[in-house]
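Which chain is which? The protein sequence lines are L and E, in order.
Under the numbering used here, residues 754 to 868 are what the first sequence spells out, in order.
Under the numbering used here, residues 4 to 116 are what the second sequence spells out, in order.
Every residue gets a Cβ at the ideal spot worked out from N, C-alpha and C, and that includes glycine.
To start, the structure itself, in C-alpha cells.
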Amino acid sequence: AQSVAQPEDQVNVAEGNPLTVKCTYSVSGNPYLFWYVQYPNRGLQFLLKYITGDNLVKGSYGFEAEFNKSQTSFHLKKPSALVSDSALYFCAVRAPMDSNYQLIWGAGTKLIIKP
Amino acid sequence: KAGVTQTPRYLIKTRGQQVTLSCSPISGHRSVSWYQQTPGQGLQFLFEYFSETQRNKGNFPGRFSGRQFSNSRSEMNVSTLELGDSALYLCASSSQGLNTEAFFGQGTRLTVV
Numbered sequence: 754a755q756s757v758a759q760p761e762d763q764v765n766v767a768e769g770n771p772l773t774v775k776c777t778y779s780v781s782g783n784p785y786l787f788w789y790v791q792y793p794n795r796g797l798q799f800l801l802k803y804i805t806g807d808n809l810v811k812g813s814y815g816f817e818a819e820f821n822k823s824q825t826s827f828h829l830k831k832p833s834a835l836v837s838d839s840a841l842y843f844c845a846v847r848a849p850m851d852s853n854y855q856l857i858w859g860a861g862t863k864l865i866i867k868p
Numbered sequence: 004k005a006g007v008t009q010t011p012r013y014l015i016k017t018r019g020q021q022v023t024l025s026c027s028p029i030s031g032h033r034s035v036s037w038y039q040q041t042p043g044q045g046l047q048f049l050f051e052y053f054s055e056t057q058r059n060k061g062n063f064p065g066r067f068s069g070r071q072f073s074n075s076r077s078e079m080n081v082s083t084l085e086l087g088d089s090a091l092y093l094c095a096s097s098s099q100g101l102n103t104e105a106f107f108g109q110g111t112r113l114t115v116v
C-alpha cells in the first residue's frame with residue numbers, strides 16, 4: 754500500500770538555525786512529491802514539488818527539498834529559520850501508477866521556531 | 004485568477020441536523036477534493052470528484068456525501084450531525100495531471116453543539 758510518513762510530530766528550531774522537516778514515502782514507481790504549509794485557521798498552501806530531474810527542488814519562502822530515491826525520502830529544508838516559518842507542514846505523494854491520481858498525505862509536522 | 008472559494012467560513016449546527024458546504028474551484032480545474040481536519044486526526048481524505056464523477060473515496064460513513072456540478076463547483080453534505088463531526092473542512096482543486104499541485108480554500112469551520 755502507498756503511504757507517506759512524517760516521523761516527527763513536532764520540530765523545534767531556534768531562529769537563524771537551519772531546519773529540516775522529514776518525509777519518507779512508499780509508492781510503486783517514481784513518485785511525484787509535494788510539500789504544503791498551513792498557518793493557523795487557514796487552508797494549505799503549496800510550497801514545492803518534485804516531478805523529475807534535479808533532486809534539489811527550490812520553492813516558496815526560501816524552502817527547498819531534496820529527493821533521495823535510495824532512501825525514499827523528500828525532506829524539507831531551509832538554511833536559516835524565521836519565526837514566521839512556524840506552522841504545520843504536510844508532505845504528500847502521488848504514485849504515477851495510480852490511475853485514480855490520488856494524493857496520499859503525511860500526518861503533518863508542527864514546526865516551532867523560537868526567537 | 005481567483006482562488007478556491009469555500010462557503011460558509013463558519014457554521015454552527017445542532018446534533019442531528021444536516022449541513023451542506025460549498026466549494027468553487029479555480030477556473031479550469033476539474034478535480035475537487037474534500038478533507039476533514041481535526042486536531043487529533045490530522046488531515047483525512049473524504050472524497051474527490053472529477054468531471055462530476057466521484058473518482059476516489061476515503062473511509063467515512065455514508066452520512067458524508069458529495070457531488071460536483073457541470074461547472075466543477077462541488078458540495079459536500081453531512082447528515083445526522085454528530086459532535087465528532089466538528090472540524091475544519093477543506094476543499095482543494097487541481098487540474099488534470101499527476102504532476103499538478105492542489106490548491107486549497109480557506110476551509111469551513113463546522114461546530115456541532
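>> Contact between the segment 9-20 of chain E and the segment 61-69 of chain E is defined here as three or more beta-carbon pairs at a separation below 8 Å; is this criterion met?
In response: no
>> With a threshold of 8 Å between beta-carbons, can Phe106 of chain E be considered close to chain L, or not?
In response: yes
>> Let me see if you follow: with CB-CB separation under 8 Å, is Arg58 of chain E close to chain L or not?
In response: yes
> With 16 as the cutoff for other CB atoms within 10 Å, does Ala5 of chain E come out buried or exposed?
Replying inline: exposed
> If the cut is a Cβ gap below 9 Å, which residues of chain L does Gly113 of chain E touch?
Replying inline: Looking at the sequence provided, one finds Leu at residue 113 of chain E rather than Gly. The premise fails here: Leu113 of chain E is roughly 13 Å from chain L at the closest Cβ pair, so nothing lies under 9 Å.
> According to a CB-to-CB cut-off of less than 7 Å, which residues of the segment 827-859 of chain L neighbour chain E?
Replying inline: Phe843, Arg847, Pro849, Asn853, Tyr854, Gln855, Leu856, Trp858
>> Against Leu93 of chain E, what residues of chain L qualify as contacts under a CB-to-CB distance less than 8 Å, listed in chain order?
In response: Gly796, Leu797
>> Leu856 of chain L and Ala840 of chain L - do their beta-carbons sit closer together than 8 Å?
In response: no
>> Please report the straight-line C-alpha distance between Ser77 of chain E and Pro28 of chain E, rounded to a whole angstrom.
In response: 8 Å
> Where does the unbroken beta strand (DSSP E) through Leu800 of chain L begin, and where does it stop?
Replying inline: 797-803
>> For the pair the segment 82-92 of chain E and the segment 37-46 of chain E, tell me if three or more CB-CB distances fall below 8 Å.
In response: yes
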